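Enquirer: Got a structure for you, questions after.
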Amino acid sequence: MTSIAVVNQKGGVGKTTVVLGLASAAAHRGIETLVVDIDPQGNATTGLGVFEPTRSVDSVLADESPGGIESVMETTAWPHDSGRRPLVAASSPALAAREPQLATDPLGAQDRLSLAMSGCSVPLVLVDCPPSLGLLTINALFAVDSVMVVTEPGAWAVDGVGRMLQTVSRIQSRRFDGGPVVKGIAINRLGRTRDGRYWHDQLDAAYPGKCLPPVHLRAAVSEASAQSRPIHSLGRRAGASEAAGEFDVLLDVLLGHAATDGPSRPESPQQGET
Ligand SMILES: Nc1ncnc2c1ncn2[C@@H]1O[C@H](COP(=O)(O)OP(=O)(O)O)[C@@H](O)[C@H]1O
Ligand SMILES: [Mg+2]
Numbered sequence: 499m500t501s502i503a504v505v506n507q508k509g510g511v512g513k514t515t516v517v518l519g520l521a522s523a524a525a526h527r528g529i530e531t532l533v534v535d536i537d538p539q540g541n542a543t544t545g546l547g548v549f550e551p552t553r554s555v556d557s558v559l560a561d562e563s564p565g566g567i568e569s570v571m572e573t574t575a576w577p578h579d580s581g582r583r584p585l586v587a588a589s590s591p592a593l594a595a596r597e598p599q600l601a602t603d604p605l606g607a608q609d610r611l612s613l614a615m616s617g618c619s620v621p622l623v624l625v626d627c628p629p630s631l632g633l634l635t636i637n638a639l640f641a642v643d644s645v646m647v648v649t650e651p652g653a654w655a656v657d658g659v660g661r662m663l664q665t666v667s668r669i670q671s672r673r674f675d676g677g678p679v680v681k682g683i684a685i686n687r688l689g690r691t692r693d694g695r696y697w698h699d700q701l702d703a704a705y706p707g708k709c710l711p712p713v714h715l716r717a718a719v720s721e722a723s724a725q726s727r728p729i730h731s732l733g734r735r736a737g738a739s740e741a742a743g744e745f746d747v748l749l750d751v752l753l754g755h756a757a758t759d760g761p762s763r764p765e766s767p768q769q770g771e772t
């Protein structure tokens, strides 16, 4: 099993979008994928077309539940013709109340998700995290073997990524295996503007060799999420195949099929894609 947490303590930067894009790329390739949605907002769950989940990841966080994740997985509602349908361990609004409840466990409750995912037989697990550094995100970081930080190319992005990487490094020093590995920083919603290039360069300079090939700002990306459809199924919609290609590249990096290093500059301006 390969497991990846998609993180940033800030909301609205594109964590869920990247999780859905990676799930779409994996579905297209026929890779069986589980999306674990630990954000109480549940956007990944609805983006996968699951509006009334019958089970939720909350129940495996409530108790110590070794191997429990498979008991709460359900099939998603993405169209049949878009490849292998992902599975989801759905979010629930109850997750919001779970976090303060976990904090009262005298033995510490940072490893509940790790226990639940132990022995999971799904080859690729993507964990969509809430916009905070609370116990839900910490549970994800204890459970996965790698992590991808998603950010926008804007003011405060360098500081925000830095705080996240500090948290990851504190967890690495506590985990017996030294994990999770930082796969890199995915710069999302990159516009083809001077401003976009500037902030991209700032991130490259602050984290040399850590910035992954970017995901550009495209209307097709938000449309796919809003329609609960995989980006790979939007066909000839302007920008859809280019966006799908960018998520293919990110999936390659995560699966170790491509170099993680090297600055990736925004392409020169093109027209008619957003
Ligand atoms: N590359 C992109 N192009 C266009 N819209 C995007 C892109 N990435 C994210 N969005 C939109 O930005 C909003 C926030 O993204 P989301 O993935 O929900 O962020 P997060 O999970 O970090 O809170 C959503 O409406 C989403 O559709
Ligand atoms: Mg989200």
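Number 581 in this note's numbering belongs to position 83 of the sequence shown; there are no gaps in the numbering. Even for Gly, the Cβ is constructed at its ideal location relative to N, Cα and C. Every value quoted in this text rests on a predicted model; they were computed, and no experiment measured them.
1. Under 7 Å: does the beta carbon of LYS708 sit that close to some heavy atom of ligand 2?
2. Only counting the same chain, and skipping five residues up and downstream in sequence, which positions put a Cβ closer than 6 Å to that of GLY565?
3. How many Å lie between VAL623 and VAL645 at the Cα?
4. Could you tell me which of PRO591, ARG687 and ASP750 sits nearest to VAL511, measuring between CA atoms?
5. Excluding the 5 residues preceding and the 5 following ALA742 in the sequence, name in chain order all residues of the same chain whose CB lies nearer than 6 Å to its CB.
6. If you run the structure through DSSP and keep just helix, strand and coil, what is ALA542?
7. So, do the segment 580-589 and the segment 530-541 have three or more beta carbon pairs nearer to each other than 8 Å?
8. Mark GLY676 as exposed unless 16 or more other C-beta atoms lie within 10 angstroms of its C-beta, in which case mark it buried.
9. Can you tell me where the alpha helix (DSSP H) holding MET662 begins and where it ends?
10. Measuring straight from C-alpha to C-alpha, what distance separates GLN608 and ALA614?
11. Considering THR649, what are the terminal residues of the beta strand (DSSP E) in which it resides?
12. Helix, strand or coil for THR635 per DSSP?
13. Give me the residue from GLY632, VAL620 and PRO628 with the minimum Cα distance to ALA601.
14. Grab me the residues of SER563's own chain with a C-beta within less than 7 Å of its C-beta, minus the 5 sequence neighbours each way, in chain order.
15. Quick one: which unbroken alpha helix (DSSP H) runs of 4-plus residues sit fully inside the segment 502-550? Chain order, please.
16. Quick check: does the Cβ of VAL505 come within less than 7 Å of any heavy atom belonging to ligand 1?
17. By alpha-carbon positions, which one of ILE685, ILE636, LEU639 and ALA722 ends up nearest to ALA653?
18. Does DSSP classify ARG687 as helix, strand or coil?
19. So, helix, strand or coil for LEU753, using DSSP?
20. Tell whether a beta-carbon distance below 8 Å holds between PRO538 and PRO591.
21. Taking just the CA atoms, how far does TYR705 sit from GLN768?
Expert: Reading from the atomic positions:
1. no
2. Apart from the 5 residues on each side of it in sequence, GLY565 sits with its Cβ closer than 6 Å to the Cβ of SER616 and GLY617 in its chain, given in chain order.
3. 11 Å
4. ARG687
5. ILE729 and HIS730
6. Correct three-state label for ALA542: helix.
7. yes
8. Its Cβ having fewer than 16 others within 10 Å, GLY676 is exposed.
9. 655-672
10. 12 Å
11. 644-649
12. helix
13. The candidate whose alpha carbon is nearest that of ALA601 is GLY632.
14. Cβ within range, chain order: LEU613 and ALA614.
15. 513-527 and 541-545
16. no
17. ILE685
18. strand
19. coil
20. yes
21. Reliability of the predicted coordinates at GLN768 is poor, the pLDDT of 41 falling under 50, and no value is obtained from them.
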